[in-house]
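In this text, residue positions in the sequence shown follow full-length UniProt numbering: the first is 1, and each later residue adds one.
Think of the CB as a built atom: it goes at the ideal place given N, C-alpha and C, for glycine as much as any other residue.
Computed from a predicted structure; not experimentally measured.
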Amino acid sequence: MYSLFAKEGRQNQVYDEGARLVAGCVPIDKRGRRVLLVASSKNEGEWVLPKGGWENDETQEEAAARETWEEAGAIGRIVAHLGEYEHKVHKKTGQPESIFIFFEMEVDRIEERWPEMKKRERRW
Numbered sequence: 001m002y003s004l005f006a007k008e009g010r011q012n013q014v015y016d017e018g019a020r021l022v023a024g025c026v027p028i029d030k031r032g033r034r035v036l037l038v039a040s041s042k043n044e045g046e047w048v049l050p051k052g053g054w055e056n057d058e059t060q061e062e063a064a065a066r067e068t069w070e071e072a073g074a075i076g077r078i079v080a081h082l083g084e085y086e087h088k089v090h091k092k093t094g095q096p097e098s099i100f101i102f103f104e105m106e107v108d109r110i111e112e113r114w115p116e117m118k119k120r121e122r123r124w
C-alpha cells in the first residue's frame, strides 16, 4: 500500500543530460474505457494526466504508479509502455527541460482518501 503522504523535493529525482525524467500514467477504467484526469496544480481549470518526477530508488513503472496514486488516488496495474516525449525544449541549447514517459494503467480501484486530495480534483 502506498503512503498517504506525497513525496516532495527533487533531490532524489532522475535526470538525463540535464533533463528531468517524469513518469506518468493514462489511467483507464477497464469496463468503460474512460480516462481518469486530475486538476492541474499549476494551471487552474486545466485537466491533466497524473505524472511527476521519477526517483532514483524506483523503476519508471513504479514512479508512474506512485504518481497516479499520489495525484489521483488510483491503484491499478501497468499494462503498456505508451512512449516518451521531450517537453519544453530550450531555445538556445535545443535540449529538453523534461522527458515525459507514459504508461497505460488499468485501474483496479479508486480510493476515497489519497495524498493530494486537498490539492486536486479528479474526474473520468
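**Prompt:** Could you give the distance in angstroms between the alpha-carbon of Trp54 and the alpha-carbon of Ala19?
**Reply:** By one-based count along the sequence shown, residue 54 stands at place 54. By one-based count along the sequence shown, residue 19 stands at place 19. Straight-line Cα distance between these residues: approximately 12 Å.
**Message:** Here's the rule: buried if 16 or more other CB atoms are within 10 angstroms of the residue's CB, otherwise exposed. What is Trp124?
**Reply:** Position 124 of the sequence shown, counted from the start, is the residue given in the question as residue 124. Exposed, by the Cβ-count rule.
**Item:** Ile78 beta carbon less than 8 Å from that of Trp69
**Value:** Taking the first residue of the sequence shown as position 1, residue 69 is located at position 69. Taking the first residue of the sequence shown as position 1, residue 78 is located at position 78. Their beta carbons are not under 8 Å apart, which means Trp69 does not touch Ile78 by this criterion.
**Prompt:** Who are the Cβ neighbours of Trp47 in its own chain at under 8 Å, not counting the five residues just before and after it?
**Reply:** Residue numbering aside, residue 47 sits at position 47 when the sequence shown is read from its first letter. Leu37, Val38, Ala39, Ser40, Arg123.
**Request:** Determine, using beta carbons only, whether Lys51 and Phe100 come nearer to each other than 8 Å.
**Result:** Sequence index remark: in the sequence shown, residue 51 carries index 51 (1-based). Sequence index remark: in the sequence shown, residue 100 carries index 100 (1-based). Cβ distance < 8 Å, so Lys51 and Phe100 count as in contact.
**Message:** Using CA atoms only, rank isn't needed, just tell me which of Trp114, Lys119, Glu106 is closest to Arg31.
**Reply:** In the sequence shown, the residue the question calls residue 31 occupies position 31. Answer by Cα proximity: Glu106.
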